[in-house]
Structures are given as C-alpha cells and as structure tokens.
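Q: Here it is, the structure, as structure tokens.
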Ligand code: DX5
Ligand code: ZN
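Numbering (my numbering), first residue to last: 22 to 245.
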C-alpha cells in the first residue's frame, strides 16, 4: 500500500464532554494550562445522535470565563446549518458538520466561512469515504469518526484505519492540505496507528481527562 504523507504536526483536541460538567470552565482551564491550543466541543441534538450535550451558550460561557482556546466545534445535529450563526457568535473557531443528514452542505460551508469560522466535515463509521470526496477542497478538516457518535468512552474501531488512509491518499493526490481528525476511543496505544494512516488531529475525551499525567499524555500526542 502507498505510504501517506503527514501534512500537519500532531495536535491534541481534548473533548470537554469527558470533563466534569459542573466545572466546564475548570476543564477548559486545565487544557490551556498544559499549553494545549485546541478544545473539542461536542454538540448533540437527541436526533442525529441518541444523546444531548452542550449548546451555543456553553461556548459563550467558556469565552466569558476567559478561554482563548481554539474551539473545535463538532455539530452532531440533523440540521446544523440552522445553528451556524449561533455557534459562530458564541465563539466557535472551527465548525464541523456531518455528511449524513440531507441539507445543502456547500451552502453550509459558505455560511461557516462567512461567519468567520473554518469548516470541517465529519463522517460516521458506516459512511464510506467516497461520500466526502466531492467536498475535500471545500473544507479545512475531515473528521473520521472512530466510534458511532453520541457517547464518550467507547472502544476505538481499528476498521476505520483504511478509511483514514484512503482520505489521506486523496489529500496527497489532489495536493490538498485539510487536517485529518480522528474522534472516538483515541488512546496513546491507537493514536500512532491513526498517525501512520494520515491523521494529524487527535480528539481525546476519556483517555485525556482520566489520564494520571495529562502533561505526559499531551506530550506523547505532540510527539507523534
Ligand atoms: C463522540 C464524540 C467524541 C467523544 C469522544 O460522540 O464525538 O468527541 O467526546 O470521547 P472519547 O474520547 O471518550 O471516546
Ligand atoms: Zn466529537
């Protein structure tokens, strides 16, 4: 199989979903204090995924609390295009939407950019890589879900590695530079496999927030 070229340095995006929901500001401050620039924020609507989590007010409150982190906002929503403005105004930096629900994705990416954010596109484990191929030039990040979205703490799916590798190969062939993010069950044991398949952006909820030594965890990801 053809080798894939890493396009970006490895970045850790701790998922606030796994932090103490009574102290989200403290969770964000912990990330910032470790010098980690990104924070992953998971939005769920109880429809696209069978769970509920945060909303725009959560981001706004974190900004009021002083967080300057890069808000990597993952919208697990059936109608994410209706909430682009709300999340942009609340302080999102990246807004990642899913390919699966039927809406005008190109218009949504344009709206995300028009509101001063950068667009990302996510795909579920059951969705083939080909589904996102038409949009690779329109986004600055592709998010390959390595669990079925909706809940933290699930086991990593190694069967997603060929999909990652395929998308990374298209990135090489088309000379594009979008980030390739993995999300779900990411641990220090499987992150190198994802890196070898082309990933550069590593979401970690449970493994990061439960780590005994979070600084060592962050250093290990940065060294990938
Ligand atoms: C899953 C979310 C993930 C979640 C990952 O629906 O998209 O971002 O927080 O959590 P862990 O790292 O615990 O699998
Ligand atoms: Zn996520």
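Beta carbons are placed, not taken as given, at the ideal position from N, Cα and C, and that holds for glycine.
With a CB to CB cut of under 6 Å and the five nearest residues on each side skipped, what residues in its chain are close to residue 174?
A: Its chain contains 227 as the residues whose beta carbon lies nearer than 6 Å to that of residue 174, once the 5 sequence neighbours on both sides are disregarded; these appear in chain order.
Q: Quick check on the DSSP output: what are the complete alpha helix (DSSP H) runs of length 4 or more inside the segment 57 to 143, in order along the chain?
A: 77 to 85, 105 to 111 and 126 to 135
Q: Cα-Cα, which of 79, 165, 182 and 144 is closest to residue 121?
A: 144
Q: Determine the contact status of residue 89 and residue 111, defining contact as a CB-CB distance below 9 Å.
A: Contact: no.
Q: Go ahead and label residue 42 buried or exposed: buried means 16 or more other beta carbons lie within 10 angstroms of its beta carbon, across all protein chains shown.
A: exposed
Q: If we call anything under 9 Å between Cβ atoms a contact, is residue 136 one with residue 118?
A: Against a cut-off of 9 Å, the Cβ pair of residue 118 and residue 136 comes out as no contact.
Q: What's the C-alpha gap between residue 203 and residue 225?
A: 9 Å
Q: Quick one: what does DSSP say residue 180 is sitting in, helix, strand or coil?
A: helix
Q: Residues in its own chain within less than 6 Å of residue 208 by CB, not counting five upstream and five downstream?
A: 228
Q: What separation, rounded to the nearest whole angstrom, lies between the Cα atoms of residue 62 and residue 132?
A: 20 Å
Q: Taking the C-alpha atoms as reference points, what is the distance between residue 128 and residue 151?
A: 20 Å
Q: In the DSSP assignment, find the alpha helix (DSSP H) that holds residue 238 and state where it starts and stops.
A: 235 to 243
Q: Going by C-alpha distance, which of 60, 27 and 44 is nearest residue 239?
A: 60
Q: Cα-Cα, which of 219, 215, 170 and 32 is closest to residue 73?
A: Nearest C-alpha to residue 73: 170.
Q: Taking Cβ positions, are residue 141 and residue 157 nearer each other than 9 Å?
A: Taking 9 Å as the Cβ cut-off, residue 141 and residue 157 do not qualify as a contacting pair.
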